[in-house]
Structures are given as structure tokens and as C-alpha cells.
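Have a look at the structure below, then the notes.
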Amino acid sequence: EAQVTQNPRYLITVTGKKLTVTCSQNMNHEYMSWYRQDPGLGLRQIYYSMNVEVTDKGDVPEGYKVSRKEKRNFPLILESPSPNQTSLYFCASSPDRGLSQNSGANVLTFGAGSRLTVL
Amino acid sequence: AQTVTQSQPEMSVQEAETVTLSCTYDTSESDYYLFWYKQPPSRQMILVIRQEAYKQQNATENRFSVNFQKAAKSFSLKISDSQLGDAAMYFCAYRSDQGAQKLVFGQGTRLTINP
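Read top to bottom, the protein sequences are chains A and B. Be aware that the first sequence starts at 262, since it is given in the numbering used here, and climbs by one per residue. Be aware that the second sequence starts at 37, since it is given in the numbering used here, and climbs by one per residue.
Now the structure itself:
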């Protein structure tokens, strides 16, 4: 089944304890991104990657790192988590980087979400 | 920067009736894409419908349709014959035709279906 898989789905941690949320897609998609969802704010993009070894900041990158060493994987790293990073996180992927004329049909496929609580 | 506004934090409707969710956006671009996503209690993000700005015809997917008013920068979602399974958070989203595939989301509208 074509899907985006995130782990863990739920995590409670403490301030300062490094953690990684993994994201893997089995659709050979070029484009991957991370969003966080907070009440009243909708979803906001953290980082994105248009291909292997190519990553860039989204709207709220502070406190996060990413890497794209393989096409299928795009982990989100919180080096020193803080309570304001308590949120619901989504990984998403798309076959196209969005730069072609007809890329509007390429819709993001989202993972199931990871609920993170930082105490 | 583009912004998307959903002014209705919560809506409710009787089962089998019709409900309209509002969305407005701000952009200086002429080509872009608009989406409605559904997020049920499972938290999964499910694409409901999408609209290309260059198309004048409003998109329709079964019981879901949109009213796209480009000049007014409005993109409302109409759900006909509401069903209990339609209860969810609904997000409106904008995507530019330029650059990478970043979605700009509205704040969301929580829809309740009353039996």
C-alpha cells in the first residue's frame, strides 16, 4: 500500500532530551515536508526537501533539524525539545517538486501524524 | 506572503441537510491551487476537493462542491446531504503555482453533524 509512515505516533518527553520523528514513504516521491498543527493556527510548514541532500526551511523551522540522505526517508530532529514544541506533527510527500507547469495535480500525501508532548 | 482565513471555528448541521464552510485567502498571484482537507478524529489528513485558479468551473466531488470566487478571493465548501461521517475538522489550503509544493492552511473549522 502506498503510504507515508511516521513514528512514533505518540511521544511524551522532557525538555532537552533529543528526539527524532521518522518519516518514510514508499512511493518514490521526490518532495517531502514536515508540518506542525496547533489549535487555532492550522498546519504550518517546518522544513521541506525537494530531493536527496536538498532541504530548506519552511515557515517555523526554529528548534528543528532535518536530513534527506535517502529518497524515502525524511526524519525530523528536535535537538533540545522545549514545551512550545508540543504539537501534532505531520510528514507529507508528493511525486513532484512543484516546479512544473502541470504540477497542480500532484497532491500531498500525509502521514498519520505524531502527537508530541514536551514536559 | 499568502494567508488563508477560516472565520468559522465551529459549525453544526442536522444530518441530511446542507452546510457551507467559508474560506478566504490573500494573494497577489494569478495562478494557484486551492484545497479542502478533512481531518476526522483519527487525525488523518484527507483531501476532499481541489480547485485550480485558472479554471472557472467550480469543482465537485459527489456531495462536496466549492464556490470559487476568484475576484473576491473566496473558496467555500458546500456539503450536501450531510452524513454523520462528515463530522471532522476541515482545513482550507492554498498552494502557489510558483516554487515548491508548500501548502498554506487556514485555522480550521470543526463541523458537527447532529443526528
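Here a beta-carbon is modelled for each residue, glycine too, at the ideal position from N, C-alpha and C.
Of 340(A), 339(A) and 309(A), the smallest CA-CA separation from residue 291(A) is found for 309(A).
In this structure, residue 347(A) keeps its C-beta atom at 8 Å or more from the C-beta atom of residue 321(A).
When CB distances to chain A are screened at a threshold of 8 Å, the residues of the segment 63–92 of chain B falling below it are 69, 71, 78, 79, 80, 81, 83, 86 and 88, in chain order. Taking each of 150(B), 127(B) and 145(B) in turn and checking the Cα distance to residue 70(B), the smallest one comes out for 127(B).
Exposure of residue 270(A) is indicated by the presence of fewer than 16 other C-beta atoms within 10 angstroms of its C-beta. Around residue 122(B), the same chain offers 115, 147 and 149 as residues with beta carbons nearer than 7 Å, after the five sequence neighbours per side are excluded. In this chain, the beta strand (DSSP E) harbouring residue 268(A) covers 265–268. Check the Cα spacing between residue 112(B) and each of 67(B), 131(B), 58(B) and 105(B): the tightest is with 58(B). Within the segment 307–331 of chain A, the residues whose Cβ lies closer than 7 Å to some Cβ of chain B are 309, 311 and 319, listed in chain order. Between residue 306(A) and the set 349(A), 377(A) and 265(A), the nearest pair of CA atoms involves 349(A).
Within the segment 125–141 of chain B, those residues whose Cβ lies closer than 9 Å to any Cβ of chain A are, in chain order, 127, 128, 129, 131, 132, 133, 134, 135, 136, 137, 138, 139, 140 and 141.
Against residue 44(B), chain A offers no close residue; the least beta-carbon distance is about 13 Å (beta-carbon pairs closer than 8 Å). Assignment of residue 303(A) by DSSP, reduced to helix, strand and coil, places it in the strand class.
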